[in-house]
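Okay, so here's the structure we're looking at.
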Amino acid sequence: MGKNRRIEAQRKMGSGRILGKKSIFIQIGIAVLISGVIALLFYNSLWGICFFPILLYLSGKFLKEEEKKKEIKRINLEFKDYLYAVSGALSAGNAIERSFLTGLKDMRQLYGEESILLRRLGGMEKRLGLKEPIERILKDFASESNSEDIENFVEIISYAKRGGGDFIQIISTSIERICDKIEVMEEIHTVMAEKALEQKVMCVIPVGILLFFRITSPEFIGVLYGNVLGVCIMTTAMILYAAAFYLGMKIVDVEV
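Sequential numbering from 7 applies to the sequence shown in the numbering used here.
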């Protein structure tokens, strides 16, 4: 069992490095672009590049949060389909362990090997063959998924396994809850899509105005460059702009 876990961990680490390299390139690109805009439009000096380390850290944090949200959304969708398959197997009279294994086969046919759920539960058959409890396997999966719905489901399954609960009813209720949440999220995203686009446009407008003045009337905005008062004014404007951008992102990012 230890050898299998080490192999699985190495495989996950290898895929993580590939994804990490891609994210790092995007992270560096965002930091270079924004620091270049700051240096050109806010300070008209290469000293604006000094913001690069801060922007590199913030862009990395932002990308990690976005990737985490996308992964949780995807794994919730896959987990919903997985529970449908498990529920069907239970209704056919299979035992709880066999039903979860049958669900994995259905997921492999539906999503292929690219499924996040399959990558994290792919060793279930071997672990069950080694007499490891199904609830421990599911708890490991829940802790890796970072999904509140999956964690709640696993807790209920663990109690039901010890107390002899109705697994078909439990899984049906879990499917209904996850489906309802997904539908609500989709409705919210549809309603907020227009507002999110407006927020992105509003964030670009101040930079566009500065660029317009730099191109068409450089002498008009030139008084803000190369002096202490101008630096203070532009720094204050940049801080307010960053705060407004952050607040706008939080407003359109609605969670259920």
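Using N, Cα and C, we set each Cβ at its ideal position, and we do this for glycine too.
Here the structure is a predicted model, which means the values were calculated and not measured.
Item	Value
I think Met208 touches Ile44, with their Cβ atoms under 8 angstroms apart; what is that distance to the nearest whole Å?	Incorrect: roughly 19 angstroms between the Cβ atoms, too far for contact.
Can you tell me the Cα-Cα spacing of Tyr49 and Asp259, whole angstroms?	31 angstroms
Alpha carbon to alpha carbon, how far is Ser164 from Gln115?	28 angstroms
Count the other C-beta atoms from every protein chain shown that fall within 10 angstroms of the C-beta of Phe57, then say buried if there are 16 or more, exposed otherwise.	buried
Pick helix, strand or coil for Lys79, following the three-state DSSP scheme.	helix
Alpha carbons only, please: which of Ile34, Ser65, Tyr90 is nearest the one belonging to Ile184?	Tyr90
Expressed to the nearest angstrom, what Euclidean distance is found between the alpha-carbon atoms of Ala249 and Met198?	20 angstroms
Using a threshold of 8 angstroms, state whether the C-beta atoms of Leu123 and Ile188 are closer than that.	no
Determine contact between the segment 67-81 and the segment 104-114, defined as no fewer than three beta-carbon pairs at a distance below 8 angstroms.	no
Identify the continuous alpha helix (DSSP H) that holds Cys56 and give its terminal residues.	Element bounds for Cys56: n/a, residue is neither H nor E.
Sorted by chain position, which residues of the same chain lie with C-beta nearer than 7 angstroms to Ile66's C-beta, five sequence neighbours on each side aside?	The residue you asked about is not Ile; residue 66 is Gly in the sequence shown. Gln33, listed in sequence order.
Taking DSSP as the reference, what is the three-state secondary structure of Leu136?	coil
Nearest-angstrom Cα distance between Val229 and Leu61?	27 angstroms
My assumption, with CB atoms under 8 angstroms, is that Ile140 sits in contact with Ile102. Please give the rounded CB distance.	6 angstroms
Are there 16 or more other CB atoms within 10 angstroms of the CB of Val92, so buried, or fewer, so exposed?	buried
In angstroms with no decimal places, state the Cα-to-Cα distance between Met240 and Val38.	19 angstroms
Alpha carbon to alpha carbon, what distance is there between Val210 and Leu221?	This sequence places Ile at residue 221; Leu is not what is there. Whole-angstrom Cα-Cα distance: 17 angstroms.
Label Tyr252 either buried or exposed according to how many other C-beta atoms from any shown protein chain fall within 10 Å of its C-beta, with 16 as the threshold for buried.	exposed
Taking the straight line between their C-alpha atoms, what separation do you get for Phe173 and Leu96?	8 angstroms
By Cβ distance below 8 angstroms, which residues in the same chain neighbour Met255 in space, the five residues on each side in sequence not counted?	Gln205
So which of Val190, Phe159, Arg168, Leu47 has the shortest CA-CA distance to Thr179?	Phe159
When DSSP labels each residue in this structure, what does Ala37 get in the three-state scheme?	helix
Suppose only complete runs of 4+ residues qualify. What are the alpha helix (DSSP H) ranges in the segment 153-219, listed by chain order?	154-169
With 8 angstroms as the threshold, decide whether the Cβ of Lys79 is near any Cβ in chain B.	Chain labels in this structure do not include chain B; a single protein chain is all it has.
For the alpha helix (DSSP H) containing Ser105, name the first residue and the last one.	102-117
Could you give the first and the last residue of the continuous alpha helix (DSSP H) run that contains Ala243?	234-258
Once DSSP output is grouped into helix, strand and coil, what is the label at Ala91?	helix
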